[in-house]
Every structure is written in C-alpha cells, then in structure tokens.
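J.:
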Amino acid sequence: MSTPYAKLPAWADYGLIPLINLFVAFVVAGFVVLLVGENPFRAAVILVEGAFGKGTGIAFTLFYATTFIFTGLSVAVAAHCSLFNIGTEGQAYLAGLGIAVVCLSFDSVLPWWLLFPLAILASAAVGALWALIPAYLQAKRGSHIVITTIMFNFIAASIMVYLLVGVLKPAGSQAPQTRNFLGGAELPKLNWIIELFGAKIRSAPLNICFLLALIMAFLVWVLIWRTKLGYEMRTYGHSPKAARYAGISETRIIITAMMISGALAGMMALNPTMGDQHNVAIDFVSGAGFVGIAVALMGRLHPIGIVLAAILFGMLYQGGAELAFEMPAISRDMIVIIQGLVILFAGALEHMFRPYIQSLFASFSPGAVGMEAVKGKGA
Amino acid sequence: MDIFNAIIQTLDSTIRLSVPLLLACLAGLYSERAGIFDIGLEGKMLVGAFAGAAAAAVFHSAFIGLGMAILISVAFAMVHGFASITHRGNQIVSGVAINFIAAGSTIILGQAWFQQGGRTPALGAGERFSPITLPGAEAVKDVPILGQIYSELLSGHSALVYLAFLMVPFTWWVLFRTRFGLRLRAVGENPAAVDTAGISVAWLRYRALICTGILTGVAGAYLSMAQNGGFVKDMTAGKGYIALAALIFAKWKPVNAMFACLLFGFLDALSIRLQGTPLPIIGKVPVQFMQALPYILTVILLAGFIGKAIPPRAGGVPYVKER
Chain A
1 MSTPYAKLPA
11 WADYGLIPLI
21 NLFVAFVVAG
31 FVVLLVGENP
41 FRAAVILVEG
51 AFGKGTGIAF
61 TLFYATTFIF
71 TGLSVAVAAH
81 CSLFNIGTEG
91 QAYLAGLGIA
101 VVCLSFDSVL
111 PWWLLFPLAI
121 LASAAVGALW
131 ALIPAYLQAK
141 RGSHIVITTI
151 MFNFIAASIM
161 VYLLVGVLKP
171 AGSQAPQTRN
181 FLGGAELPKL
191 NWIIELFGAK
201 IRSAPLNICF
211 LLALIMAFLV
221 WVLIWRTKLG
231 YEMRTYGHSP
241 KAARYAGISE
251 TRIIITAMMI
261 SGALAGMMAL
271 NPTMGDQHNV
281 AIDFVSGAGF
291 VGIAVALMGR
301 LHPIGIVLAA
311 ILFGMLYQGG
321 AELAFEMPAI
331 SRDMIVIIQG
341 LVILFAGALE
351 HMFRPYIQSL
361 FASFSPGAVG
371 MEAVKGKGA
Chain B
1 MDIFNAIIQT
11 LDSTIRLSVP
21 LLLACLAGLY
31 SERAGIFDIG
41 LEGKMLVGAF
51 AGAAAAAVFH
61 SAFIGLGMAI
71 LISVAFAMVH
81 GFASITHRGN
91 QIVSGVAINF
101 IAAGSTIILG
111 QAWFQQGGRT
121 PALGAGERFS
131 PITLPGAEAV
141 KDVPILGQIY
151 SELLSGHSAL
161 VYLAFLMVPF
171 TWWVLFRTRF
181 GLRLRAVGEN
191 PAAVDTAGIS
201 VAWLRYRALI
211 CTGILTGVAG
221 AYLSMAQNGG
231 FVKDMTAGKG
241 YIALAALIFA
251 KWKPVNAMFA
261 CLLFGFLDAL
271 SIRLQGTPLP
281 IIGKVPVQFM
291 QALPYILTVI
301 LLAGFIGKAI
311 PPRAGGVPYV
321 KER
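Just so you know, the sequences run in chain order A and B.
Going by full-length UniProt numbering, the letters in the first sequence line up with residues 1 to 379, in that order.
Going by full-length UniProt numbering, the letters in the second sequence line up with residues 1 to 323, in that order.
(1) When you compare the CB positions of A/L62 and A/L212, do they come within less than 7 Å of one another, or not?
(2) Assuming A/S105 contacts A/G266 (C-beta within less than 8 Å), just tell me the rounded distance between them.
(3) For A/G376, which residues from the same chain have a beta carbon less than 6 Å from its beta carbon, with the 5 sequence-adjacent residues on both sides left out?
(4) Can you check whether the C-beta of A/S105 is within less than 7 Å of a C-beta belonging to chain B?
(5) Which value, in whole angstroms, describes the spacing of the CA atoms of B/G40 and B/A303?
(6) On the DSSP bridge assignment, give the partners of B/R128 in chain order.
(7) Count the other C-beta atoms from every protein chain shown that fall within 10 angstroms of the C-beta of B/K239, then say buried if there are 16 or more, exposed otherwise.
(8) Look at the alpha carbon of B/L17 and the alpha carbon of A/T227, and state the distance between them as a whole number of angstroms.
(9) Between the C-alpha atoms of B/A202 and B/T196, what's the straight-line distance to the nearest angstrom?
(10) Using a Cβ-Cβ cut-off of 8 Å (strictly less than) and excluding sequence neighbours within five positions of B/S73, which residues of its own chain qualify?
(11) Do you know offhand how far A/F52's Cα is from A/E38's?
(12) Show which residues of chain A have a CB atom less than 7 Å away from the CB atom of B/P286.
(13) Tell me the residue span of the alpha helix (DSSP H) that contains B/G141.
(14) Can you pull the chain B neighbours of A/F84, defined as C-beta to C-beta under 9 Å?
(15) Using beta carbons (cut-off 7 Å, strictly below), is A/D283 in contact with chain B?
(16) Can you check DSSP and say which residues form a bridge with A/F41?
(17) With a threshold of 7 Å between beta carbons, is B/G104 in contact with chain A?
(18) Contact criterion: CB-CB distance below 7 Å. Does A/T3 meet it with respect to chain B?
(19) On the three-state DSSP scale, how would you describe B/Q115?
(20) If you check the beta carbons only, do B/G230 and B/A102 fall under 7 Å apart?
(21) Skipping 5 residues on each side, what residues in its chain have a beta carbon closer than 7 Å to that of A/R202?
(22) Would you verify that the beta carbon of A/F23 is, or is not, closer than 7 Å to some beta carbon of chain B?
(23) Report the neighbours of B/N238 on chain A: residues whose CB is nearer than 8 Å to its CB, in chain order.
(24) In the DSSP output, what is A/K189 paired with across the bridge?
(25) Name, going along the chain, the residues of the segment 325-354 of chain A whose beta-carbon falls closer than 7 Å to a beta-carbon of chain B.
(26) Would you kindly work out how many angstroms separate the C-alpha atoms of A/S173 and A/G96, rounded to a whole number?
(27) Name the DSSP bridge partner or partners of B/H157?
(28) Go through its chain and collect everything with a Cβ distance to A/I337's Cβ below 7 Å, but skip five positions before and after it.
(29) DSSP has A/Q177 in a bridge; who is on the other side?
(30) Find out if the Cβ-Cβ distance for the pair B/A309, B/I272 is shorter than 7 Å.
(31) Spell out the partners DSSP gives B/L279 in its beta bridges.
(32) Relative to the C-alpha of A/R179, which candidate in A/I155, A/S108, A/V342 and A/Y231 has its C-alpha closest?
(33) Chain B partners of A/A37, CB-CB under 8 Å?
(34) Taking C-beta pairs closer than 7 Å, name the residues in chain B that A/R141 reaches, listed in chain order.
(35) Which bits of chain A does B/I107 rub up against, with CB to CB less than 7 Å?
(36) Taking contact to mean 3 or more Cβ pairs, one atom from each stretch, closer than 8 Å, check whether the segment 348-367 of chain A and the segment 71-88 of chain B are in contact.
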C-alpha cells in the first residue's frame, strides 16, 4: 500500500466511485428517515416524483440547479488552485449589493437585455472584490484562506443586514429588503423550453440565468483545461513548489484564481434576485454557497460533473419541498442532512471504498489497474 | 452608582456570553494542537445542545442530559476522526459536513420527537443547571463595590460556568505538564517524530478529539440547559466560528483563550447594551458592526498586523505513515 491509490479506469474513477459514495450517503439518510418513523423508500419515491414528475417540478429543479452550478463552479475553480474557498456564501451575498445598485438605479430606464449584462458585471465585480481581500492576505501575508473566508462570510452578512435593514429599505416598509424591481430588472423565464416537450407549467422561476450558468460551465472548462492560466492554476494546485520552480508567480495565481472564483459566486446572486424574487432580501443566498462545496466535490471539480451534481441537488431541493408537504414528519431540513452526508462521503471519505474497488478490479484483470506495475516497483 | 451597576451588569453578561465560546475554544485547542483542524466545533456544540436538552426533558435529569450531550458530541468528533485520521480525508471538508449533518438532524429529530417546531420542551427545575449562590453572597450583598462584585458578578452562575473557567488552568496543566500533553503538542508539530518514538499518531489524535468532543458537549449543554431552558433550532448561531476566531486570537494557548473569549463575550454584551444608544465622540455604532468586530479583528490578526498567529505546524495535514 505504499502507493495507496493505484489508477482505476477513468469510468470507475469518475463514475463508479462517486456513485457508490452517493449511494452510501443516501443509505445513511434513509436511516435518519427511519429514526423519524417514516418509510425511507416511500420518501425516496416522493422525492424523485416531486422533482421530475411534473413540468413545474422539472422547472423548479433546474431553477435551483442554476444557483448551484454557479457556486459549484466557484468552489471548483479555487480548488483547482488548491484554495478552499469557503467564502462563496459571503461573496454571493455581497454581490446582491452590486445587483441592487444597478437594478435600483436603472430598472425604470433600461430594458432587461441592457440591464442584465450590467448586473452580471456588477455582481461578478463585487464577488471578485470580496474574494480579493482574503486572496491578497493569503498570498502576501500568509493568512489561511479557509479561516479568512469564513470570517468574511460573517462580515458580509453583517454588512448586508446593516444595509437591508437601514439604507436600502424603502421608507415606510417593515421587511428587510429593497423595493421590488421594476419590469426592466425581471429576467425572462425559460419555462417554454420545458413546455415544448408537452409538459404543463403553472409557475416556476426558471429563467435565463440557467443558460448563463451553462455558458459559464463551458468557459470554466476552457479556462481550466485549455488556457495557459488554467494550466498554471492546476500546476500550482498540484505542487506549489513545482509552480514556483517553473516561474509561476504565486501571488498572481492565487489572486487570479480567487477573483474568478468570487466572480462566479457573485453571479449566483442574479438567479434568486433578478430571476425570482425581483428584490434583494435578507439571507437570499440561504446556504447555496455551502451547497456549492458539496456540488464541486460530487462533480469531481469538472464542469460536466458540476452541472450534473447541481441538477442532483436541485432535485433534492425541489423534491424535498414536496416531501415536506407529503410527510409532515420530515421537513425541508432533511436536505441539509443529505447535503452533509454527501459532503462527508464524497468529500472527506472519498477514498474509503477505493481499496475494495481496486482489489475487485484487480481480481478481474490485474493489468488494467496497474497492480502489476506497482508490485514490480515495490520489489 | 448607576454607572457602576451598568458596568457590573455588562460584565455579568460578558461572563455568561463567553462561557460557550470558552468551552468550544478549549475544545478546538485540544484538536488543533494535535494537528486536526476543526471547523466542526459549531456542529458538535449544536448536537450537544440538542442531545442534552432532549435527554434532560425525557429523563427529567440535568446530569443525564449533560452525559448525553457529551456522548453525542464525542460521537460526532469520532466521525471527524474516522474521516480525517483513519481515511486521511480533508479535515475542512469533514468539518463542513459535520456542521451540515448537525444543523439538519437536530431540527428533523427535534420536530419528529417533540413536535414543537424543532424545539425541545421547556426544561423545568432539576432538568436544567440552575444558578448557584456562592457562600456568603447574600450576606455581603449590601457592601458597596466589593460586595456587589462578589454577589452579582461572581456568584449566581450555573455550575457549568465555574467548570468552564476551571477548565482553563486544567487544560494548561494537561497540555504543558503531563506526558499526554507533551505528546499531543508534539503530534501537532511533528507527527513523524512521535511515530518514530513508537507512539501511535492515530490513537493520540483520536484521544485529542475525544477531549474536543467532551468540551463541545459541555458547551452545548450550557447553551440549552443553563443559559436557556431548552433547545431552539440553530441556537449556536455561529458561536463555533467565533470560538475558532478566539482560538486564533489566543495563538493556541489556554490562558490567552480565556482572555480572547472574554473579549469577544464583552463585545457581544456591549453590542446588546449599546443597541440604539449613541456614544460620545463616535456617535451611534451599528449593532452589526459590533457583531462583526470579532471577525474583523481576527482577519487583521491573521494578516499579521497585530502580532503573528502561527498555527501548529502539522495542522490540517493527514499523517501518512512511512512503510
């Protein structure tokens, strides 16, 4: 076991192992359902039917997925550079401020197709700047990025509460949120795409941000695997020493990666604010930044995996709402447990089942998993 | 005497507010000194608070509650250990996972078992830790200043408060005057050396995490069974992260940890007290600013602007035994 993790075929590495981890997470979640006194199999059926059974369900699933694609990509970009960005939540939250400024200023003047690009820029810029400070502190002063980004989440939350309770709240209103955006800041819905397939949709907030998310997923793929910058990020992530030796500037790569990550996190804010609520309200991110961690881990830091994992989590959110409705004993917080279990098994216990799968593969064909080569080296 | 009374009251609530931070901070101290980052303090405190209040409500005993809080909290610490020691998983990912599982399961189980919207039933006398009046506190109550300090500031806290402050010298003694403590600190600095000496790195780290679990369990029990009379969902409200900040502020030392927690508790008490009152010179300080202050201070400290915080060297790195 001196080289503990010999190579598996790619499909096993990127498909089988995540699926096994996911399966185990769901089995454990099933035990929690049992503990509550409900039938886990019925719960699973309700969950899946709630998410995919009707057109409205599918639209809601994709709406949630949109949010998680952004936060998942955000976590993944930083992770490729071996930076663990826990601050996605705060970056997305503060980006709401950029959107609020743009929308509140121009929503009566500009049509959506002019306002949307402006809002994209504003949200991405605020997110990137909020990530810049921890990145700078990590690169220049050696403060641990995980700790600073956690602290920055709380600072962002305080700033937003202060602004939404005071400055941004319209006079005479009680709710801690901005005034509702006018028509110019309402993004077009995409529900007609699902209706093309014959499904009926009553009302669901699936909007054009979904397409933006897919474009961003593609751009992240290009960035990471097809550009010099991406190569440098991966080199630094793999071995900071090697990167330094190759003349890659540590400061530049850390700051660039974190700012891209922050910008992606910031864009997440577009979906709930302009796409659904049409205002910026307190706590509108509601944990999506942390879901991004699970999504990025589940998707193995690859944009395709992230899109699939985001849809899975979108399904959990939408199906979870149905589940809470059908089984009063189980509230939506069940999703939080499942999320935690996915993070635990797909992230922290990622390698738990690998040795068993390797020996299973080795018993079929030793050459395929490189076991012979490893043994040869050891002798 | 009005100002004096106000100061006493603020300091009194400072003590109450620092206790959960202090217990969680010392908990983090054991684990991080042993080389295991623990951002799951929040989650462990939360399950401790829930298990304590739930068991106390069911068995009508504060001590069964405390025991259950510790037991469940240690169990969660062991999950963290299983992932990050045995399977060498990412410690931060594991900590995040624990916070999620704790947040979700306390609400789900609370709702399923007690049907009060995720709360546990209100705890009556005997089911919670009630204030203890120190000997002579009543007698000296009317003595100006000193009497008030004794009877109002020092007396009248629950047993867990005194326990928390006793844990400070105890932790110092364990870490710096016992063989276990020496090894625990060594395993956080240089696990390979400990391994070479023939001591199991994994077992040592597991024991450190057991200490962490015990202390977060007590911290949780304090929240739900002493400070409040029952569990309310998400009642830790970020205290685990503040404790983490305090730990960095204290540069991973027990006595400093106490002062850091008292400082953060004081800021909290002050922000409650100053709500809406303008200060001389500065004017009205937003509550949110006071609440964010511990985090801002920690970031400034981490950036090295007010001294340098150097974590244990092997922190966050899983130990791979040479074979």
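The beta-carbon is built from N, C-alpha and C at its ideal position, and this holds for glycine as well.
T.: According to the structure shown:
(1) In this structure, A/L212 does not lie closer than 7 Å to A/L62 by Cβ.
(2) 18 Å between Cβ atoms; not a contact.
(3) With a pLDDT of only 42 at A/G376, under the threshold of 50, the placement of this residue in the model should not be trusted, and no figure is reported.
(4) no
(5) Straight through space, the alpha carbons of B/A303 and B/G40 are spaced by roughly 23 Å.
(6) B/A125
(7) buried
(8) 51 Å
(9) 13 Å
(10) Excluding residues within five positions, the ones whose Cβ falls inside 8 Å are K44, M45, V47, G48, A51, G213, I214, T216, G217 and G220.
(11) 22 Å
(12) Here the neighbours are Y162.
(13) One point to set straight first is that residue 141 of chain B is Lys, not Gly, in the sequence displayed. Note, B/K141: premise wrong, no alpha helix (DSSP H); not H, not E.
(14) N90, I92 and V93
(15) no
(16) According to DSSP, which records beta bridges pairwise, A/F41 is partnered with nothing at all.
(17) yes
(18) For A/T3, the pLDDT reaches just 44, beneath the cut-off of 50, and the residue's location in the model is therefore unreliable, although a value from the coordinates is still provided. Not a single CB atom of chain B sits nearer than 7 Å to the CB of A/T3.
(19) coil
(20) Between B/G230 and B/A102, the C-beta gap is not smaller than 7 Å, which leaves the two residues out of contact.
(21) T56
(22) no
(23) The question names Asn, but residue 238 of chain B is Gly in the sequence shown. Result: F154.
(24) A/N207
(25) A329, I330, S331, D333, M334, V336, I337, Q339, G340, L341, I343, L344, G347, A348, L349, E350, H351 and M352
(26) 19 Å
(27) B/I132
(28) A29 and V32
(29) DSSP output for A/Q177 lists A/A281 as bridge partner(s).
(30) no
(31) B/G283
(32) Of the residues A/I155, A/S108, A/V342 and A/Y231, the one whose Cα lies closest to the Cα of A/R179 is A/S108.
(33) Looking at the sequence provided, one finds Gly at residue 37 of chain A rather than Ala. In chain order: A112.
(34) A303 and G304
(35) S331 and D333
(36) yes
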